[in-house]
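Presented below is the structure to which this report refers.
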Amino acid sequence: MSAPHPITTLLVANRGEIAVRVIRAAHELGMRTVAVYSDADRTSLHVRMAHEAVRLGPAAPSESYLRIDRILEACKATGAQAVHPGYGFLAESAEFVEACEAAGVIFVGPSAAAMRAMGDKISARATVEPSGVPVVPGATLTEGADDAAILATACGVGFPQLVKASAGGGGKGMRLVREEGEVLDAIARASGEALTAFGDGTVYLERFIEEPRHVEIQVLADNHGTTVALGERECSVQRRHQKVIEESPSPALTPELRARMEAAAVAAAESCGYRSAGTVEFLVGADGGFHFLEMNTRIQVEHPITEMCYRVDLLAEQLRIAQGLPISFGRDVPVPAGHAIEARICAEDADHGFMPSTGTLGAVQLPGGPGVRCDGHVYVGQEVGLDYDNMLLKLIVHADDRATAIERMKRALWETRLPGITTNIPLMLRTLDDPRFTSGHYDTSILEGSAPPAEEAADLVPVIAAALAMHRRVRRTHVPPASPGTRPAPWVQAGRSWWNRGTWGS
Amino acid sequence: MSAPHPITTLLVANRGEIAVRVIRAAHELGMRTVAVYSDADRTSLHVRMAHEAVRLGPAAPSESYLRIDRILEACKATGAQAVHPGYGFLAESAEFVEACEAAGVIFVGPSAAAMRAMGDKISARATVEPSGVPVVPGATLTEGADDAAILATACGVGFPQLVKASAGGGGKGMRLVREEGEVLDAIARASGEALTAFGDGTVYLERFIEEPRHVEIQVLADNHGTTVALGERECSVQRRHQKVIEESPSPALTPELRARMEAAAVAAAESCGYRSAGTVEFLVGADGGFHFLEMNTRIQVEHPITEMCYRVDLLAEQLRIAQGLPISFGRDVPVPAGHAIEARICAEDADHGFMPSTGTLGAVQLPGGPGVRCDGHVYVGQEVGLDYDNMLLKLIVHADDRATAIERMKRALWETRLPGITTNIPLMLRTLDDPRFTSGHYDTSILEGSAPPAEEAADLVPVIAAALAMHRRVRRTHVPPASPGTRPAPWVQAGRSWWNRGTWGS
Amino acid sequence: MTTQRGTRYYVQWAGEERVVEIRSAAGGLEVLVDGEPHPVDVTAVEDSGLLNMIVDRESWTYGARFENGAAMLSFHDREVRVPIEDERGRLARLATGGAAGGADDSEITSVMPGIVKEVLVAAEEPVSAGQPLLILEAMKMENEIRAPREGIVGTVHIEAGQAVDKGASLVSLAPL
Amino acid sequence: MTTQRGTRYYVQWAGEERVVEIRSAAGGLEVLVDGEPHPVDVTAVEDSGLLNMIVDRESWTYGARFENGAAMLSFHDREVRVPIEDERGRLARLATGGAAGGADDSEITSVMPGIVKEVLVAAEEPVSAGQPLLILEAMKMENEIRAPREGIVGTVHIEAGQAVDKGASLVSLAPL
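Chains as they are written, first to last, in this note's numbering: chain A, 941 to 1446; chain B, 941 to 1446; chain C, 26 to 201; chain D, 26 to 201.
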């Protein structure tokens, strides 16, 4: 089937790993690619991988990756018929979608209208609720309602519930109510505080989801009337609302619950006339109830775990859909198999307040072997700075079952070396060994209080390692690797033969 | 199920990528690993990945990786209960298997008896033929047989056939016979030449397989009576009988032919009481007939393409079987899906007589993204010498169909950078674009005469690249990457602003 | 074979001081920790900045840099800070009466440019290892700067609202 | 803006000579090939030995080393040998009457140690590009050493059975 709107040249309006990911998909489809870059990214991998590269401006996003005018000029100069926004930057800018449309450039993603409908939580809730998608129950109580009305409203929302000032924020006037008996008193106090603080005593009641798990459903929708769901991703390992480890399937979902959530996700996507790849996020309570949180109208960072389980290429599907082609598998969604986990490797010191780490990458070593996928933008000599997001690499593993996938991820993390900076790999390894994680019974609080293991006096490895490193530095001895024709420096040779004598008695 | 012969520490009696592969599998199974190394491999990846490392001796294999005594001493010193031989070196040494047995060390592989039975082509043929495995038809004709007997024997072998001296070699006395009418004359001449050359006029008739494809079947056999086949690998892209590109499934096999070849492979394995992973190689003629060639009693270099299609871990299965456990999936072989290709990246200059290339690896860049697997032992700073096999890296890709897999492999090869040495990547890229390969109609001659494309005067890229590189060298200008806080060297800055002016008019 | 006295290093680890002696005897290189010998083979991986040591037959690959009198070692699964000094360094420090772990060791410096949002400690306050000292805003995120070890706050060099460069001294920390 | 004369490079490619002029004018850096300007932005990737150039908006990453008067360039999908000289080199060569492509360009050298198995050409024999000159045994394999371009064999420096080191001169080749 020939594409109604063929794309032969694609501009990638992003940087980092997602720009690399888009370029990979486009090249496999035979497209020519155009990278855009800021001054800070001149030597980046996406610039080197693309066929063409166009400078946008200085490092600041507002002067480069957010410059709609420059991006559309670059499309014109290079003959790119389409632009892929990646995630972040302009990916969820309805204004950008409209500018592309006006310039006659295909935007690889949903329409501006769908983007706006899902753009904020209130309009998204209003859009999906008529389609029967469960939202977190909530209701507004105006000042001066009588006790019976208050109790009826509160019981309608259900318990536990949060009472918060409609006008306010920052926790002012917020109360957690666990049962009906506490309702009247809590609302009276909250309303009073709200009146004092904001001059408006209106309060909003919202069901409080305890020990919430963050589960999202992947959807794909084409221009031929097909919207399908491709299972869930469990994203509950978070730090400051940033996802750190994701997995699929979720250890918390039953097939029945999955089917209901997939149906809700498809309904949510259809409610706004969605096209392309998108993600519907839900909060799942300890009771198994699920509630619509928001819809992400873009490809997600964690899309590879879905790709691994379903053996699909979501970026290729996006590019097919943008050309007016149907989803490659139509409604026959592949049967998922096995278990996938993603770990986001970031340049940060997780053991010292998660300080971002900067430096120049030395001898990068990435993991390989069965079931391991690396989606990154790292390279030897890369300057890791503070201009952009500090995620360097996504490690994704797939295996037959969850236990094997965890072992495989630990193995892959162990193989990864990014010398020159500090990464969160030690935190990742601790988390994968955490009994809450291995049992699957974890929620979004799992990373709180994770601390490095204590120094142990019996462990002489760091002691000897430090002394040898200093000895080498003090002696300024260059220690060459053993290789034919190269004579090892005497002290290495000596150490070796000493050791041989000690061990082998030869 | 707890293992009858648990392995908690595994010694890997090999080097390079297969040692790395074994260590990965062992770590995922929770085993402790012991690497062995020669002096040339002191800084190798397998030494750094393993928990323990024991030196064997100087670079020469006879003084290191072939030293059975040293390897078994290392098992004793480290408490390793088992040894995995990889491929090459001692992998097919029945003597080593017996030495392991005598030392109470589990050899991860078949028995010495099975290895000996399959050890040479004549004994292998004698072993499998009674089980009905088709072998290349052949017969011996002693000197002085009468014409009728000669014709009967020749027609039994079938046409076309090769007539060769039984005693000789090197093509002396060899004749290709295409039809019955040529038989008597050809045999008379061949026998005469053989008599003159070797003093023995006995000739051997063998069916000549035209445009042969080299197809092999993967088998797995455990100690619980289960022997299964896991489809085929097509290995027809060869140079000097070295496989270069392999794929699975073979474009030449029908489901019916595959089923017959799998049954023959299982029969061959059972005929020698085979255990562990093994490979049965067949020659498949242009007529679709297949004939047993040999059995490889070890894991093969190209095993990952089977792993990708079947989603199995053959190394993990080997380690399970060695512990006395059954194959993890028993007789329920997973249903294969999609298409996998492997390319062997070697340090050689394919365009200049395939000279081995030596040097130090600089900024290694390996490919990533969906469906790409890297099984290698490369690292930044690696000295690529002449001591061992020059294969550095296996790139393996998997995709839904063959055409997508080819595009994915081209993309992966394009991403790979191994600066400091010359590799066969350009030859790989040419082969993947060869119409014979893309159509699937290729045989073992496909690489003959592959030449680099001619220089084109219109292509100014090398001209400008050479001038800029020399300009940089002549000026001894250090050109730093653009990064925050680093001021680009003036000429870079100048070039950039000039270019901006030229392109953007700003 | 004559046994020469080797080079000594004084290493702080898990609250204890270890004396490591690296000896180049005629027959080989010896590493002794508090007098106990450990078979060691160490080599650098060219161009990689990494060292590989095989100690007691175990294989360890690590990166090492030196900062404020300590080795910052990065292993596969952990980054550790190991205060270390050689004999000359120790003699020099003892002569000037400096604190263990290097002269500059007491200064907590900023690893990146940012703006101080809040100072959480005051001079002479005792702090435990990992206790937040201040909050630094950088990369649009608030980052807690924590105490690398227990100690007593000496000077607080900065105040809330102040912009700091990478490497700027923030707080000095004396041993308890 | 004054237009200064830039640095000239003489490049042999596809049988033709191209003159590349790299000019540092006041407003920027210009690359002209036979007088035609090409917009270029070039940068080195730190520690990697790689250059990235964006020329006519196309992005190319390559490694470069110089050998016998030629640039050996490795792109993603090809390795090419590009004879090149700068003005000084050209003047020096013309003064001494050397052949194009650099003084040492005529020497075919061994890229690895090995043993000469067979010599396939003799002095004054014309050879075509790619024609085998000799067989060198190394790594237990016989490797054909082929002519990098057409020419006439000058001196044959080696004989069958001889062991050669990496970099040893094997055969000299004069232009046709």
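Just so you know, even glycine gets a beta-carbon here, dropped at the ideal spot from N, CA and C.
- In chain order, A1054 place their CB closer than 6 Å to the CB of G1213/B, counting only its own chain and leaving out the 5 sequence neighbours on each side.
- Between V1103/A and T1167/A, the gap from beta carbon to beta carbon reaches 8 Å or more.
- By the 16-neighbour rule on beta-carbons within 10 angstroms, K1016/A is exposed.
- Below the 8 Å Cβ cutoff, chain D contributes E83 and S84 as neighbours of H991/A, in chain order.
- Counting along the chain, the unbroken beta strand (DSSP E) around T949/A starts and ends at T949 to V952.
- Contact of L1170/B with chain A is not assigned, every C-beta pair being separated by 8 Å or more.
- Scanning the region 998-1075 of chain A for uninterrupted beta strand (DSSP E) segments of 3 residues or longer gives 1022-1024, listed from N- to C-terminal end.
- Judged by their CB atoms, F1029/B and A953/B are nearer to each other than the 8 Å cut-off.
- Not a single C-beta of chain B is nearer than 8 Å to the C-beta of L1116/A.
- Excluding residues up to 5 positions away in sequence, D1162, H1164 and T1166 lie with their Cβ nearer than 7 Å to the Cβ of P1266/B in the same chain.
- Nearest to E71/D by C-alpha distance, out of T1378/A, H1338/A, H1317/A and L1301/A, is L1301/A.
- For C1249/B, the uninterrupted alpha helix (DSSP H) run begins and ends at H1243 to Y1250, by DSSP.
- F1377/B is positioned such that its CB atom lies closer than 8 Å to that of T1371/B.
- In this model, G74/D and A89/D are separated by some 8 Å (Cα to Cα).
- Taking the beta carbon of A39/C as reference, the chain A residues within 8 Å of it are A1394, E1395, E1396, A1397 and D1399, listed in sequence order.
- Residues of chain C with a Cβ closer than 8 Å to the Cβ of G1293/A are, in chain order, P157, N168, E169, I170 and R171.
- Within chain D, the residues V45, V56, V58, H63, V65, M78 and V80 have their CB atoms less than 8 Å from the CB of I1404/B, given in chain order.
- Assigned with DSSP and collapsed to three states, V146/C falls in coil, not helix or strand.
- As computed with DSSP, M1349/A is found in no beta bridge at all.
- For T134/D, no CB of chain B lies under 8 Å from its own CB, so it is not counted at the interface with that chain.
- Burial state of T948/A is exposed, judged by a 10 Å Cβ sphere holding fewer than 16 other Cβ atoms.
- Listed along chain C, the residues sitting closer than 7 Å to G1321/B by beta-carbon distance are V70, E71, D72 and S73.
- In terms of CA proximity to I177/D, E132/D leads the group E132/D, A193/D, E184/D and K191/D.
- Annotated three-state conformation of F1230/A is strand, per DSSP.
- Taken through DSSP and simplified to helix, strand or coil, Q1178/A comes out as strand.
- By the neighbour-count criterion, in which a residue is buried when 16 or more other Cβ atoms sit within 10 angstroms of its Cβ, H1381/A is exposed.
- For H1381/B, the secondary structure class from DSSP, reduced to helix, strand or coil, is coil.
- Contacts with chain B at 8 Å (Cβ-Cβ) do not include G1019/A.
- With fewer than 16 other CB atoms across the displayed protein chains lying within 10 angstroms of its CB, V1275/A is exposed.
- Contacts with chain A at 8 Å (Cβ-Cβ) include L1306/B.
- Look at R1313/B: its C-beta is not under 8 Å from any C-beta on chain C.
- Boundaries cannot be given for I1267/B, as no alpha helix (DSSP H) includes it and DSSP labels it neither H nor E.
- Between E1221/B and Q37/D, the alpha-carbon positions lie close to 49 Å from each other.
- At a Cβ-Cβ threshold of 8 Å, A943/B and I963/B do not count as neighbours.
- Here H1338/B carries a strand assignment [DSSP, helix/strand/coil].
- When the beta-carbon positions are compared, S984/B and R955/B come within less than 8 Å of each other.
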